[in-house]
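Written out below as structure tokens is the structure these notes cover.
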Amino acid sequence: MKIKSMMSKFGKFLDATGLFAKRLVVFIILLIFLGALFSSGSGDQQTEILDGSILSLDLKGYLVEEKTQSEFEAAIAEFSGELSNETLVSDVINAIEMAKDDESISFLLLEMDDFLGGSPTKLQNIANAIRDFKETEKKVIAYSGYGYNTPQYYLASLADEVHMHDYAAIFITGYGSYRTYYKSFFDKFYIDSNVFKVGEYKAFVEPYFRDNMSAESKNNLIEWISVLWSSYLGEVASARGIEIETLEKYIQSLDEVADESNDDLAVASLDMGLIDKLSNKREFRDYLYSLAPGEEGNEINIVGRNDYLNISQIEYEYQTEEENVGLIIATGSIVDGSAGPGSIAGDDFIKLIRDAYEDESIKALVLRVDSGGGSAYASEVIADELEKFKSSGRPIVASMGGVAASGGYYISAPANQIFAEPHTITGSIGVGGFIPTFERALDQIGIHEDGYSTVDTTTSLAKTLTEKDKKIMQSGTDLVYKKFITKVGENRNMTIDDVDKIARGKVWIGQKALEIGLVDQLGTLAEAIDKAAELAELEKDTFGVKTIDRESQFERIFGIPIAKTVIGIMKIMGINLNNSNLKVLNNFSNSMDELNSYNDPRGIYMNCFCELK
């Protein structure tokens with residue numbers, strides 16, 4: 073009995089201890105969360121802007137219309153020491169526009185060593201903001217410690233002063249678009265590639281049945297990419313005040329330039345007028361200090377873009393009013409079902425459109441599109457929901473960003489007005505699909521499949537498609553294409569034959585798309601919003617803009633403090649989420665995202681692989 077009694081008491085003690093431990097853990101987590109909440113707006117963050125300040129844009133990663141991470145995920149990455157790989161275009165433009173009229177800001181600094189680029193349209197939007205800033209006669213300065221690449225130099229060329237480290241160089245590799253082709257690989261391993269498409273320019277399925285680009289696809293690529301490259305050369309040469317021939321010589325004959333400068337490309341860049349001054353980091357820092365000395369010691373009076381936006385309290389560009397223009401951003405691949413940020417998932421996206429439909433304060437809708445397309449089914453689901461919104465009598469304006477092609481054009485088609493930008497990549501009106509089968513490949517290693525079906529249709533990838541199967545798939549592809557050009561014709565007031573002539577998968581640039589009737593106007597997102605307000609007969613300067621997105625207000629406000637809490641708990645538990653671990657996780661996640669994007673129920677896609685590299 074005594075032993076039993078002792079064990080009972082010991083058990084009660086353990087229960088009590090366990091309860092105390094649980095409460096202690098909860099208490100510690102609560103303390104960490106509250107500490108993170110109150111410290112998220114404090115710490116090392118700058119709290120005021122001094123007169124004569126330098127605003128550093130500090131561009132990092134790729135320019136995006138919408139981040140592929142939630143506030144929580146971005147905060148986890150930031151507090152784990154992971155380098156940011158995305159910069160919102162709107163954040164950059166907002167900061168520049170605010171600084172233009174801010175008497176406290178005297179200089180704009182372009183630091184881009186960690187900047188990876190963006191579409192020509194995104195770059196041009198930022199370039200236009202920089203040009204507006206310069207009209208105030210405030211100075212723009214660019215500096216690179218590593219040298220300038222193609223997108224970095226495009227923006228740097230706009231600066232009043234372009235500085236570079238004397239050990240660095242400018243490497244402008246131009247614009248390119250490349251794909252990997254698999255036909256010989258499939259043949260070697262006895263994989264049957266079954267491709268179904270409409271449109272001789274529909275290049276996205278070519279890698280599965282060819283070893284190179286078709287003549288039609290390559291000529292189309294050369295046509296539109298040459299337009300973008302000519303624009304790049306002209307704008308950069310004009311900004312630097314040099315001849316295009318001088319710029320082209322540096323880019324195309326870099327080996328000769330190196331010989332002429334004793335292999336010192338930094339000196340060659342200076343001599344040819346591509347930059348203004350060579351200086352190491354210490355020398356450049358001393359120069360900045362001479363322009364904007366701080367209040368203490370040898371500090372520079374400089375403020376970063378994120379701190380500037382937070383201090384200026386313009387984290388959100390748009391304000392809502394009693395009457396609003398709704399704004400939905402559609403960026404990434406179009407996929408069926410649900411998906412995370414960075415994709416246009418059919419089920420998720422129609423919820424956003426329904427939110428706009430049910431919001432009585434929204435009198436018009438702007439759809440900002442930056443997508444090369446994807447699932448044909450999901451594209452139709454989204455377009456149908458937009459038609460429903462339009463049937464309520466409220467107008468829709470589509471605003472095309474860097475890419476609005478194939479499925480990206482399909483979801484734009486229902487709009488009352490379509491705005492593109494001069495460098496928008498659009499069109500690619502065509503469809504295609506690809507089904508690999510492995511009967512011959514499996515036969516080579518002694519694997520066979522057998523059985524019985526009441527219907528003579530192949531449903532297994534282990535069986536070769538019959539001619540009947542192929543005919544069914546091609547007829548389905550033909551039908552989707554007919555629906556595509558019919559939708560375009562109905563919404564663009566064109567005949568189906570006229571649409572077919574400019575469709576068939578061909579890619580067009582914004583200016584040409586305007587000439588052939590695929591878009592109504594060339595203009596920015598801001599101009600598209602104004603047009604939507606005009607169509608809705610809203611009074612100028614009295615309407616608001618309501619952004620409709622999947623992230624809740626709770627996530628936006630508490631994402632950072634919750635992330636800090638999670639990181640704190642992980643550190644207590646000894647979990648080291650270092651950069652190498654994050655890189656592995658990110659690579660795996662990106663691979664899975666790419667696979668998941670091919671999830672159309674019928675295997676038919678409106679896709680355009682027309683991104684530049």
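This note's numbering applies: residue 73 is where the sequence shown begins, and numbers increase by one. All C-beta atoms in this analysis are idealised placements derived from N, C-alpha and C, irrespective of residue type, glycine included.
Rounded C-alpha distance that separates residue i from residue j
i	j	result
Leu227	Ile425	35 Å
Asp327	Gln196	30 Å
His520	Tyr262	14 Å
Lys690	Ala199	For the chain, the structure presents residues 73 to 685; residue 690 sits outside this window and is missing.
Ser663	Leu533	The predicted position of Ser663 is uncertain, since its pLDDT is 43 and thus under 50; a value taken from the coordinates is nonetheless stated next. About 22 Å.
Tyr481	Trp301	23 Å
Asp572	Phe281	24 Å
Ser265	Met545	13 Å
Ile331	Thr245	Checking the sequence shown, residue 331 turns out to be Asp, not Ile. Cα-Cα distance, rounded: 19 Å.
Asn396	Asp431	10 Å
Tyr361	Glu169	24 Å
Ile676	Glu452	12 Å
Asp40	Phe205	Shown here, the chain extends from 73 to 685; a query on residue 40 therefore has no answer.
Phe110	Leu607	Because the pLDDT at Phe110 is just 49, under 50, the model does not fix this residue reliably, and the value given afterwards should be weighed accordingly. About 45 Å.
Tyr225	Asp621	33 Å
Tyr253	Glu278	8 Å
Asp379	Glu120	9 Å
Lys618	Lys460	19 Å
Ile557	Ile588	14 Å
Asn370	Glu207	31 Å
Residue i burial status per 10 Å Cβ neighbour count (16 or more: buried)
i	result
Asp613	exposed
Ile497	buried
Phe257	exposed
Ile323	buried
Pro223	buried
Val735	Outside the modelled stretch of the chain, which goes from 73 to 685, sits residue 735, for which no answer is possible.
Thr538	exposed
Gly479	buried
Cys680	buried
Asp456	exposed
Gln593	exposed
Asn292	buried
Arg466	buried
Asp408	buried
Glu562	exposed
Lys435	buried
Residue i, DSSP secondary structure in three states
i	result
Lys655	With a pLDDT of 45 at Lys655, under the threshold of 50, the modelled position of that residue is not reliable, and the figure given next carries that caveat. In the structure shown, Lys655 sits in a helix (DSSP, three-state: H, G or I).
Asp442	strand
Lys349	strand
Ser249	coil
Ile557	helix
Pro467	coil
Arg202	Note on residue identity: the sequence assigns Ile, not Arg, to residue 202. Helix at Ile202.
Thr193	helix
Gly675	coil
Lys685	coil
Gly418	helix
Ser319	The residue asked about is misnamed: residue 319 is Leu in this sequence, not Ser. Here Leu319 sits in helix by DSSP.
Pro223	helix
Cys680	coil
Asn563	helix
Tyr215	strand
Phe615	coil
Asp592	coil
Pro508	strand
Lys435	strand
Phe491	strand
Asn266	strand
Beta-carbon separation (whole angstroms), residue i vs residue j, contact threshold 8 Å
i	j	result
Gly414	Met678	Actually they do not touch by this definition, with Cβ atoms about 19 Å apart.
Arg357	Leu129	Going by Cβ atoms, the distance from Arg357 to Leu129 rounds to 17 Å, so no, they are not a contact pair.
Ala492	Ala585	6 Å
Asp691	Val475	Shown here, the chain extends from 73 to 685; a query on residue 691 therefore has no answer.
Ile126	Ile374	4 Å
Leu437	Ala448	Rounded, the Cβ-Cβ distance is 23 Å, inconsistent with contact.
Glu158	Lys139	5 Å
Gly504	Val267	7 Å
Ala695	Val560	Within the shown structure, residues of the chain are numbered from 73 to 685, placing residue 695 beyond reach of any answer.
Any non-hydrogen atom of the ligand SAH closer than 6 Å to residue i Cβ
i	result
Asn197	Because no ligand of any kind appears in the structure shown, any question about the ligand SAH cannot be addressed here.
Assess, as a yes-or-no matter, whether the region 267-275 is touched by the region 162-176 under the definition of 3 or more beta carbon pairs within less than 8 Å. no
Touching by the beta-carbon criterion (3+ pairs, under 8 Å), the region 344-354 and the region 309-323: yes
Are the region 565-579 and the region 415-422 in contact at 8 Å, needing three or more beta carbon pairs? no
Would the region 594-611 and the region 464-481 be scored as touching if the rule is three or more Cβ pairs under 8 Å? yes
For the structure I just gave you, are there three or more beta carbon pairs, one from the region 204-214 and one from the region 233-244, closer than 8 Å? yes
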